[in-house]
Each structure stands twice: as structure tokens, then as C-alpha cells.
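Okay, so here's the structure we're looking at.
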């Protein structure tokens, strides 16, 4: 079909292609589902004009052992993805060693702008560049947000190459009047140093089972465990309808900011395999767009998906993770007073 000119920054969560008003919801779903078929990527690229350059991609695994189970995606696998109303921001060569936190924040912000009119107006309907984000962070510190973090970074980040992490992203969102939670998964919760609680959190989030979170880590864990029956029921329904339902579901959920020691990524969804494995699907801003584009021309679509998988074994490489989850709830009616009481210090939910 002819390609309409891009009119919006909505895009495919897998390849970054810009969706426009000329692309119907059915066409968009068909396009995303194509990423999980067996069509060579070169054919897809010839048929579709990729107009967006900030394309999601995660660094390739270090060993073939990591791809021995479920290394290709077939019709039996099930995937849930974040909203297509998101623009993926990748690091530049000049800032690749320190900008991951900023780029993942930009990716999250791009989705929030589409769904929070007041935020869009405040940011002039544009995702701010890194230097402006640095200015927003310093302004938040001056208002009293996160005094501990401000002291650690000497109250200065503008025109520096200092890293930012989950606490700074949380601070930025709060100062921009965006309700959010920061959840700290403080250690491995499964055998082999794996993180099933973190994975459960992501699955339930994208299934819409976590509309509002409790205020303590223990309560969050209890909520996750209480929802296990609903998750199992959803999977059974998927199995029964496997032949009729598409393998990919686009949700209205925001992406999630994922932090571990020294690096951050953006969770854009998850994959559930017939063997019961859950792989997170993540965007890594340190992988340049041109590298991802080159891989899509040289490999099959399932191989491309492999580059965004975060398997349980890969998650086990780090002992602690933090997730920042933004909410689309209306701001508190007395926000200025509310933030003074509740949000100047980081509210961290530690999940035991």
C-alpha cells in the first residue's frame, strides 16, 4: 500500500516505524505481528519505508547457550507490548558512555506527552534535549526534591557527563507533576539468582492488573502473589484462543524504566513461550540505530526479536533492579502542598 507521510510520532514498538493517521488500527496490528513471523527482514524493509531512526535494540547475547531455548518466535509464542504512542531515543556516539538514563527518560516522556495534556503544554509538545533535562533536574533540586541525590551529584549536572539513574528519573517526573512509583527489587527472588518477582511485576503490569500500587514493598509482593490466579487464567485463555488470536497484543500501557548498577534500559513488553518462560522485551539506547537497521537487513525477523529479549538468565547477571513506573492518574488537586509533604524525599518501595 502507498506510504502516507508521517504525521505523528506514534510508532511500532519493535522497529520504530512511524505510524500515521493513514494507518488503521488493524494495519498497525498486522505490521507488529509481522515481527513475530518468519518473513525475512529484508522483504519487510523493501515493503515498508522505515521513517524513524530511533529504533529499539538490545545488545546481542554473549553466548549461544542463551539462545538455545525459544530462540525463534513462532505463532505459539505470545507477546504483549507497550502503547505504540512512544518514540525511542538512542544515544549518540558522543554521549553513549553516560546518556542511557537521559535517553530512557526521553523515551518514557515521549509516551507521557501523548497522554497527559498538561505535561504536553508545559513541554511545548516536545521531548526536551538532554541539556534541558539537566536544567529541569537542577531546578527540582532547588525546590527541595531528593536532597540526598542532589548532594551526591554536587547539585550540578548541566553541561556535565554525570550519569543519572532511577532516583533522578523519579525526581524529574515528580517535579513535572507526573505521579510515579519507584520499586526496588533488592535481591534475587528465585533459584539461580533469577528475579521471578520482577518478571511477575512486568507481566501483571502489562496485563492491567496493577492499576494502583500499595505504598510498601511487602504489600506489593502480596498483591503480586494474590494475582497469580488471574495471570494463570489469562494464559489459559490465550492457549485456548491460540489459533484465532494474534501472537502480539498492543496495550495502552506506558513503557517502564529499568535500572541496574551502571546501566538502564526501557521495558517495552514481554514474551510468553509455550514452555512457560517469560522473557522481558527491552530497548537499549546504547545500541545505535544504524546497528539495528543493519541487523534487520541481514537476519530474519525472529533474530531481530532475539536482540531485544532479556531472558531470566540474563536478568540473573545483576543482583538488584529498580523500576520506575509512571501513572496516568490526574495530579493531586493541591499538588504544591502535597509534594512538600510527600515527595521531597524519594519514596522507594523495596520488594523483599
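In the UniProt record's numbering, the protein residues as written are 1 to 352.
Glycine is no exception: its CB is placed at the ideal position from the N, C-alpha and C atoms.
Just so you know, these numbers come straight off a predicted model, no measurement behind them.
{"query": "Quick check on residue 131: buried or exposed, where buried means 16 or more other Cβ atoms within 10 Å of its Cβ?", "result": "exposed"}
{"query": "Classify residue 86: buried if its beta carbon has 16 or more other beta carbons within 10 angstroms, exposed otherwise.", "result": "buried"}
{"query": "Have a look at 92, 96, 83, 78 and flag the residue whose alpha-carbon is nearest the alpha-carbon of residue 262.", "result": "96"}
{"query": "Can you give the Cα-Cα distance for residue 311 and residue 129, rounded to whole angstroms?", "result": "32 Å"}
{"query": "If you draw a straight line from the alpha carbon of residue 248 to that of residue 81, how long is it in whole angstroms?", "result": "7 Å"}
{"query": "Note down, in chain order, each residue of its chain lying with its Cβ closer than 8 Å to the Cβ of residue 320, except the 5 sequence neighbours on either side.", "result": "184, 185, 186, 187, 260, 261"}
{"query": "Determine which residues share a DSSP beta bridge with residue 266 and list them.", "result": "257, 283"}
{"query": "Residue range of the beta strand (DSSP E) that residue 250 falls in?", "result": "248-250"}
{"query": "Between the C-alpha atoms of residue 155 and residue 161, what's the straight-line distance to the nearest angstrom?", "result": "14 Å"}
{"query": "Could you tell me which whole beta strand (DSSP E) segments of length 3 or greater appear in the region 122-174?", "result": "none"}
{"query": "Keeping to the same chain, check which residues put their C-beta closer than 8 Å to that of residue 270; ignore five residues upstream and five downstream.", "result": "79, 80, 199, 202, 203, 206, 278, 279, 280, 281"}
{"query": "By the three-class DSSP mapping on this structure, what secondary structure does residue 245 have?", "result": "coil"}
{"query": "Using only CA atoms, which one of 113, 101, 90, 84 lies nearest to residue 327?", "result": "113"}
{"query": "Helix, strand or coil for residue 100, going by three-state DSSP, please let me know.", "result": "helix"}
{"query": "Have a look at 164, 193, 210 and flag the residue whose alpha-carbon is nearest the alpha-carbon of residue 254.", "result": "210"}
{"query": "Comparing C-alpha positions only, which one of 83, 284, 324 sits nearest to residue 308?", "result": "284"}
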